[in-house]
Amino acid sequence: MESVVRQSARVCPFMKSATGSVQNVKALKNANLPAIAQKCPFMGRAMEQRRAYASASGSGAGSGAGAAAAASPAAVEARNASTASADATVLDHATNEASFDYQGLFESELARKRMDKSYRYFNNINRLAKEFPMAHRQQEDDKVTVWCSNDYLALSKNQEVIDVMKKTLDKYGAGAGGTRNIAGHNKHALQLEAEIAALHKKEGALVFSSCFVANDAVISLLGQKIKDLVIFSDELNHASMIVGIKHAYTKKHIFKHNNLEELEKLLAMYPKSTPKLIAFESVYSMSGSVSDINKICDLAEKYGALTFLDEVHAVGLYGPHGAGVAEHCNFEAHRKAGIASPEFRTVMDRVDMITGTLGKSFGTVGGYVAASLKLIDWLRSYAPGFIFTTSLPPSVMAGAAEAIRYQRSHLDLRQDQQKHTTYVKEGLSDLGIPVMPNPSHIVPVLVGNPHLAKEASDILMHKHRIYVQAINFPTVSRGTERLRITPTPGHTNDLSDILLDAMEDVWSTLQLPRVRDWEAQGGLLGVGDPNHIPEPNLWTEEQLSLSNDDLNPNVKHPIIEQLEVSSGIRY
1 MESVVRQSAR VCPFMKSATG SVQNVKALKN ANLPAIAQKC PFMGRAMEQR
51 RAYASASGSG AGSGAGAAAA ASPAAVEARN ASTASADATV LDHATNEASF
101 DYQGLFESEL ARKRMDKSYR YFNNINRLAK EFPMAHRQQE DDKVTVWCSN
151 DYLALSKNQE VIDVMKKTLD KYGAGAGGTR NIAGHNKHAL QLEAEIAALH
201 KKEGALVFSS CFVANDAVIS LLGQKIKDLV IFSDELNHAS MIVGIKHAYT
251 KKHIFKHNNL EELEKLLAMY PKSTPKLIAF ESVYSMSGSV SDINKICDLA
301 EKYGALTFLD EVHAVGLYGP HGAGVAEHCN FEAHRKAGIA SPEFRTVMDR
351 VDMITGTLGK SFGTVGGYVA ASLKLIDWLR SYAPGFIFTT SLPPSVMAGA
401 AEAIRYQRSH LDLRQDQQKH TTYVKEGLSD LGIPVMPNPS HIVPVLVGNP
451 HLAKEASDIL MHKHRIYVQA INFPTVSRGT ERLRITPTPG HTNDLSDILL
501 DAMEDVWSTL QLPRVRDWEA QGGLLGVGDP NHIPEPNLWT EEQLSLSNDD
551 LNPNVKHPII EQLEVSSGIR Y
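Residue 1 is where the sequence shown starts when you use the UniProt record's numbering, and the numbers rise one by one after that.
So this is what it looks like as structure tokens:
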């Protein structure tokens, strides 16, 4: 009780003034609570509305208490039932005397978020292209180092990308002029979709305004158009996929994260002829865990399912050409083949649909899906999320295509990002600061408390001039709050040493739990867990030792033909 009161007093001015201290709360048990509640702006208003409703309801009776006393038992029962119904109506705010209290609802919902420490403050961060990874806050001389950007390869500041965008902007203007169905499309859309299809070695690709829209549009359309489709979704899938599954209006099963035994049991519940979709990610952005794409494809083929793979946090970072984890599974074969396809069916070939973003490793904005020619043509023709959305500006599409081309032949970007990530992970480990173990480029540092995660972020910002955003509910489960660090090729070891010193100061200042403390509690999310089996990094030492010259020369300046499906296939 006292804990609830303390939290209430922090967010509610009335509670703060009414209680004064926790001890005074105990005296409220003998007080006139309705009289006290009337003084609260929120409760007082609600009580006035109820009183007004009761008065209006009784104004037409005309008989008073005497009539009620003389009424028959049946009449009394009927009146009581009516009163109960009216009470329920009042509780649902459904009256004819007063409008719904919209502002009160907003106020109470926001108060809840403040009370459970999930209320979010956005920092004013203005990343400086010529000083990356530096940014300034409100004032230009107030600079910080950014350590949590998803601009993983820093291509948003790449001069070749910027030059292409500037030239396109000057020549074709700021906007696309509308949807592709109304305004038509342009050579920039054609080129971008051809580059995406070539990257993932698929027959076609379709660009959306964001990957959130792409995931929602694709999954929901599959559910709405394929009768009796059953969707199988990893429990840690991104919100965009969850929304798409809801909009699919079909049966679904959620399997435990990366638990393929449970997935197979769920798949085996249905005949092979039942249409199925397995939806999963390659790299899960808040934990850094990685799915076993090959084994999931095995299950899909065994039980007759389509596969939907979200590579948002993997494109640009894995594979010899940055196509993602699916390409990384056959690293050597793809490296030798270059822009061409290997002579055997690869893991990337086995995946039916791959979605990705242009807004992270490729430094611009937008999303896409790459798949077979027929599937892309079907999505282009039926998906409302594509049909009714204004196209990306020509300059954005030109810049995204240039970013894909540039990173394809720059293996060193991916290698530097991996090396800097390893340096930070090892440094934090030496300090006993709890990094959730994973084989990817994500550095999730476990805090386990929303208030302390926010304080840790604030100390890093205000004392050390380092920006690392605290991650809390609903992005992660309550009790697993964390700081999420994402090194880039620009986060060299000297900057990493500054970060490590700052993290040590924060953990000491706030007395945050270290690995040994999590061990004493039995471990959490792999931290301090004696049963956890570490996974090797996706990048091997041999792969990290390669150079750009070890790539097939055909990736340097390939001529990529435009896709007919981008405009519509003529018969």
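Even glycine gets a Cβ: it sits at the ideal position worked out from N, Cα and C.
Secondary structure at residue i, three-state DSSP: helix, strand or coil?
i	result
Tyr406	helix
Leu525	coil
Lys276	strand
Arg482	strand
Ala333	helix
His253	strand
Val312	coil
Val144	strand
Thr509	helix
His188	helix
Arg127	strand
Thr475	coil
Glu281	strand
Tyr102	helix
Met134	strand
Tyr467	strand
Ala197	helix
Thr390	coil
Ala400	helix
Leu538	coil
Ala268	coil
Leu546	coil
Ala174	coil
Ala305	strand
Val565	helix
Val213	helix
Val290	strand
Ser395	helix
Arg345	coil
Asp497	helix
Pro320	coil
Gly385	helix
Thr168	helix
Leu260	helix
Asn554	helix
Ile296	helix
Ala56	Only weak support is given to the placement of Ala56: the predicted model assigns it a pLDDT of 45, under 50, and the question is left unresolved by the model.
Val515	helix
Asp458	helix
So, is residue i buried or exposed, given that buried needs 16 or more other C-beta atoms within 10 angstroms?
i	result
Ser108	exposed
Val138	The question names Val, but residue 138 is Gln in the sequence shown. Exposed, because fewer than 16 other Cβ atoms sit within 10 Å of the Cβ of Gln138.
Arg114	exposed
Phe344	exposed
Glu261	exposed
Asp550	exposed
His532	exposed
Ala401	buried
Leu563	buried
Thr355	buried
Glu97	exposed
Pro553	exposed
Ser429	exposed
residue 575	What the structure shows of the chain is the stretch from 1 to 571, and residue 575 is not part of that stretch, so it cannot be assessed.
Tyr121	exposed
Thr168	buried
Pro437	buried
Glu311	buried
Let me check one thing: in DSSP terms, what residues is residue i bridge-paired to?
i	result
Tyr368	Val207, Gly356
Ile560	In DSSP, Ile560 forms no bridge with anything.
Asn158	DSSP, once it has assigned bridges, lists no residue as partnering Asn158.
On the premise that residue j lies in contact with residue i, defined as a C-beta separation below 8 angstroms, what is that separation, rounded to the nearest angstrom?
i	j	result
Asp151	Gly363	6 angstroms
Ala544	Gln418	A quick correction: the sequence has Leu, not Ala, at residue 544. Yes, Leu544 and Gln418 are in contact; Cβ-Cβ is about 6 angstroms, under 8 angstroms.
Val283	Ile442	7 angstroms
Ile296	Phe280	6 angstroms
Arg482	Pro444	5 angstroms
Phe386	Ala217	6 angstroms
Thr250	Ile278	14 angstroms between Cβ atoms; not a contact.
- Unbroken alpha helix (DSSP H) runs of length 4 or more, entirely within the stretch 404-450: which are they? List check, alpha helix (DSSP H) in window: 411-430.
- Write down every uninterrupted run of the beta strand (DSSP E) in the stretch 215-243 whose length is 3 residues or greater and which is fully enclosed by it, in chain order. Look at the stretch 215-243 and you find these whole runs of beta strand (DSSP E), each 3 residues long or longer: 230-234.
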